[in-house]
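Student: Going by our numbering, the sequence shown opens with residue -1, and the numbers climb by one from there.
Starting off with a structure, shown below.
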Amino acid sequence: MKIGLSHKQKGAAAIEFALVFVIFFAVLYGVLSYSLPLLLMQSFNNATAEAARRSVAVDPTLAAAAYKLKVEEVAKAVLEEKLTWVPSAIKGSIVKTAAYNAGELVVTVSLPATALSSIMPVLKLGVITVPQLPTDLTAKSSLSF
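What follows is the structure, encoded as structure tokens:
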């Protein structure tokens, strides 16, 4: 019985598929696991910038203490409005601050990266961790007026 070329290659396709699938899965998982933190950061940046912008509209004829409270209140309300879409599993971990001092408003939104693990699994492959995130996802906008 003569063994042909096709007989020698039996099972080679399965081995090739297994090797390519591992690489494909790693790339796909990387894209998907980094998309949520990037979406959150874009949303945090948008929310802080919009909060600072809308706070400028507060009536400047108010007394100094009332003006400060109103500016901070408006900024925090905008943050709440802009971040309503955030999954409820991590919504409680988000820290939103607005501080107005000496003519400068600083609006900050931060989220500990550990809070993301409740909605997104972390893949550890030896020394490689996907996604590799900083300790906090933080966005900050400031405005002097």
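The beta-carbon is built from N, C-alpha and C at its ideal position, and this holds for glycine as well.
Out of LEU37, PRO119 and GLU48, which has the shortest C-alpha to C-alpha gap to TRP83?
Tutor: Looking up residue 83 in the sequence shown gives position 85. Cα-wise, what sits closest to TRP83 is LEU37.
Student: Within 10 angstroms of its Cβ, does LYS80 collect 16 or more other Cβ (buried), or is it exposed?
Tutor: On the sequence shown, position 82 is the one that residue 80 refers to. LYS80 comes out buried.
Student: Can you give the beta carbon distance from ALA24 to SER53, rounded, assuming they're within the 8 Å contact cut?
Tutor: By 1-based counting over the sequence shown, the position of residue 24 is 26. By 1-based counting over the sequence shown, the position of residue 53 is 55. So it is not a contact: roughly 44 Å between Cβ atoms.
Student: Mark ALA49 as exposed unless 16 or more other C-beta atoms lie within 10 angstroms of its C-beta, in which case mark it buried.
Tutor: Translated into the one-based positions of the sequence shown, residue 49 becomes position 51. Buried, by the Cβ-count rule.
Student: Please give the ranges of any alpha helix (DSSP H) in the region 44 to 94, keeping only runs that are unbroken, at least 4 residues long and fully inside the region.
Tutor: The region 44 to 94 contains these whole alpha helix (DSSP H) runs: 62 to 80 and 86 to 89.
Student: Which residues share a DSSP beta bridge with LYS122?
Tutor: As a first step, residue 122 must be located in the sequence shown, where it is residue number 124. Note: LYS122 sits in a beta bridge opposite THR127.
Student: Are the CB atoms of LYS89 and LEU77 within a distance shorter than 9 Å?
Tutor: Residue 77 sits at position 79 when you count from the first residue of the sequence shown. Residue 89 sits at position 91 when you count from the first residue of the sequence shown. Contact flag unset, no.
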